[in-house]
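In this note's numbering, the protein residues as written are 2 to 373.
Each residue gets a CB set at the ideal place from its N, CA and C atoms; glycine is no exception.
Since the model is a prediction, treat every value here as computed from it, not as a measurement.
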């Protein structure tokens, strides 16, 4: 049997700062180890390295200095990566993000090994993109919205592979006993959930305003916001200013997201611009109806009127009206949730995602070294 090929996996971050790191660890969890031996390179020893080690994977700590301050340390890290490629007989470098791609691209070029660049955001630096795309053998994007960032790249070099979700972990279930009480939520109150970082583009200020509008029409609805970020204090102050501090609950970051989603009657994503929206496929896999903004890659996930409702970004009134429409019609919400689960199964399974990435790995390595 052919020995597995070594893939040097570079992460932008040592900590889990968003869906990109969650998606990376999900990929590593199900990567076929009979074909691929992943060695994970992180810039610092944090949650990403811990997650990789928990999977039994080898890790390497290699600083990835900011591109804004190029200097000797940057060259030293490239040299370290080149040495690792040689010592480990690396067949392929895989970069999860742009900063990781700078280092993977240079090390791969120096060592004569192909590089795959995984891009998960639509934000573009055209000069840097052109350099990095030239260094990459292939570019993976997670949505057509992100693919537009590379409209100038030759056809076939950019592959759209949507993120995937573990359908066994995220599956419909009864709420965990005692969880609602531990979160200090009223026993029978309608509950709207959201999970994300509290940063400006996620649109949580509009969600809080929508919560106030919903309260005026349907008193007693509660909102559970899971996450953290630089705007948390500002959002809490906004809730107090609107008299909504009793209805809006901030739960911080949590590991039990499937159980949190099981509690919710519906899920809301209020982003002003969303590159993909991984949490949407998690909510859909839990058979929850979703209300989301019609932005970025979201309409590639949520089919308006079929698996959820889409509203214009930055419009609390439209968000509130969509939430009320589903809270007032539970049968419709259940139907949308069931359709969302079917769509997650057919389009967004982790297995499908991993198989697609592995197929690209085989193609790239095969073209470079004569097959796997």
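- Bounds of the beta strand (DSSP E) holding residue 250 are 249–253.
- The Cβ neighbour count for residue 234, taken over all protein chains shown within 10 Å, is under 16; the residue is labelled exposed.
- The DSSP-derived three-state label of residue 144 is coil.
- For residue 276, the three-state secondary structure derived from DSSP is coil.
- Here the C-alpha atom of residue 128 lies approximately 10 Å from the C-alpha atom of residue 134.
- Secondary structure remark: continuous beta strand (DSSP E) runs of at least 3 residues inside the segment 53–101, in chain order: 59–62 and 91–97.
- By the neighbour-count criterion, in which 16 or more other beta carbons inside 10 Å mark a residue as buried, residue 163 falls on the buried side.
- For residue 309, the enclosing beta strand (DSSP E) has its first and last residue at 309–312.
- Per DSSP, residue 38 lies in no alpha helix (DSSP H); the unbroken beta strand (DSSP E) holding it starts and ends at 37–43.
- Contact between the segment 277–297 and the segment 252–264 is present: 3 or more CB-CB pairs across the two stretches fall below 8 Å.
- By alpha-carbon distance to residue 66, the top candidate from 39, 100, 60 and 59 is 100.
- Counting C-beta pairs closer than 8 Å gives three or more between the segment 270–281 and the segment 195–204, which meets the contact rule.
- Our two residues, residue 54 and residue 8, have alpha carbons roughly 15 Å apart in a direct line.
- Residue state for residue 171 is assigned as coil, using DSSP reduced to three classes.
- For the pair residue 58 and residue 29, the CB atoms are nearer than the 8 Å cut-off.
- Between the alpha carbons of residue 137 and residue 36 lies a distance of about 22 Å.
- Scanning 230, 340 and 103 for the CA closest to the CA of residue 305 turns up 340.
- With a cutoff of 8 Å on beta-carbon distance, residue 141 and residue 154 are scored as not near each other.
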